[in-house]
Amino acid sequence: MRLIAENLGGERGGETVFSGIGFALEKGEALVVTGPNGAGKSTLLRVIAGLLRTAEGQVRVEGGGEAFPTVASACHYLGHLNAMKTALSVAENLRFWRDFSGEPAFSVDEALATVGLGGIGHLPFGYLSTGQRR
Numbered sequence: 800m801r802l803i804a805e806n807l808g809g810e811r812g813g814e815t816v817f818s819g820i821g822f823a824l825e826k827g828e829a830l831v832v833t834g835p836n837g838a839g840k841s842t843l844l845r846v847i848a849g850l851l852r853t854a855e856g857q858v859r860v861e862g863g864g865e866a867f868p869t870v871a872s873a874c875h876y877l878g879h880l881n882a883m884k885t886a887l888s889v890a891e892n893l894r895f896w897r898d899f900s901g902e903p904a905f906s907v908d909e910a911l912a913t914v915g916l917g918g919i920g921h922l923p924f925g926y927l928s929t930g931q932r933r
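So, in structure tokens, the structure goes:
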């Protein structure tokens, strides 16, 4: 599978923050995005993930097959904020997102165990460290 960006351009508040960005990533490869505050790094990542429209260019997936036919199905964006409610338990938050997303691959307990957090589903999400929250 390949993630390809061609001549990407992005805007924020009607102003161009980047243009002419291009790359091709094979499965298992990574792209490092650096720059000063306000340079458009987060905007670029949101464009790649399909959360924002491109001002120019395109992003596409090749070889994703039926499992990943679109960029949106192949990309996940994890920003600095998450959509969890700190007063709810870890398990309650996961149940909400499981039900929202549809057919789960794992049960809540299996998901927690998979990431090494088995046994803490009863705790309020707000008690978790930043690393555990991710």
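In the numbering used here, the protein residues as written are 800 to 933. For every residue, glycine included, the Cβ atom is placed at its ideal position computed from N, Cα and C.
Inter-residue Cα distance where the pair is residue i and residue j
i, j, result
"T869", "V816", "25 angstroms"
"G925", "T913", "20 angstroms"
"A904", "R933", "18 angstroms"
"G837", "H875", "22 angstroms"
Same chain only: Cβ atoms within 7 angstroms of residue i, ignoring 5 sequence neighbours per side
i, result
"H921", "S888, A890"
Same chain only: Cβ atoms within 8 angstroms of residue i, ignoring 5 sequence neighbours per side
i, result
"E855", "N806, L807, G808, S818"
"F867", "M800, V860, A873"
Selected residue, minimal CA-CA separation from residue i, among the options
i, options, result
"L851", "A804, V907, I803, E810", "E810"
"G827", "P903, L802, V846", "L802"
"M883", "F895, H875, Y876", "F895"
"A804", "G849, H879, P835", "G849"
Endpoints, the alpha helix (DSSP H) within which residue i is located
i, result
"E891", "889 to 900"
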